[in-house]
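Student: Structure incoming, see below.
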Amino acid sequence: MDKPLILTKENAHNEVAEMTAYHLQDLRILEKMPALCKLNLVGGEVSDLYPLKKCPKLYALNLELTKVDNFSSLQEIKSIQYLKVAGIHNQMIPTISKMTGLKHLQD
């Protein structure tokens, strides 16, 4: 298993506003990033997207070659407007259909 590589961009208040993570396995790190607006996950494997609920400003989520076991909590995150999914995630269809605030979906 590869060690995660995490790159961040901060806003004017020194809060993490954007994060790109490679090979991330645990999203609990996001619970300490309430100002996060954009998240890119590349090549990891996570069990659930529930920790994203601690990021009320998150509007863009990119999942590239990232295995997610349970997408159901994604529909509860009303702030997400832009979602990009690279890879086959057939189990996402029921969740995406309930995301009424989603303005842009790219696969």
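Quick note on our numbering: the sequence shown kicks off at 17 and runs consecutively. All residues carry an ideal CB built from backbone N, CA and C; glycine is no exception. Predicted model, so just to flag it, every value in this text is computed and none were measured.
If the criterion is Cβ atoms closer than 9 Å, does the pair residue 72 and residue 45 meet it?
Tutor: Numbered from its first residue, the sequence shown carries residue 72 at position 56. Numbered from its first residue, the sequence shown carries residue 45 at position 29. Cβ distance not < 9 Å, so residue 72 and residue 45 don't count as in contact.
Student: What is the C-beta distance between residue 33 and residue 52, in whole angstroms, given that I count them as a contact (C-beta under 8 Å)?
Tutor: Working through the sequence shown from its first residue, we reach residue 33 at position 17. Working through the sequence shown from its first residue, we reach residue 52 at position 36. Contact holds; Cβ gap of about 7 Å.
Student: Could you compute how far the alpha carbon of residue 65 sits from the alpha carbon of residue 82?
Tutor: One-based indexing of the sequence shown puts residue 65 at position 49. One-based indexing of the sequence shown puts residue 82 at position 66. If you take the alpha carbons of residue 65 and residue 82, they lie about 12 Å apart.
Student: By a C-beta neighbour count over all protein chains shown, 10 Å radius and 16 as the cutoff for buried, is residue 74 buried or exposed?
Tutor: To locate residue 74, count along the sequence shown from 1; it is residue 58. Counting Cβ neighbours within 10 Å, residue 74 comes out buried, since at least 16 surround it.
Student: Have a look at 87, 38 and 115 and flag the residue whose alpha-carbon is nearest the alpha-carbon of residue 56.
Tutor: The sequence position of residue 56 within the sequence shown is 40, counting from 1. It is 38.
Student: Just tell me which of 100, 35 and 118 has its CA closest to the CA of residue 50.
Tutor: The residue labelled residue 50 in the question sits at position 34 within the sequence shown. Comparing Cα-Cα distances from residue 50 to each of 100, 35 and 118, the minimum goes to 35.
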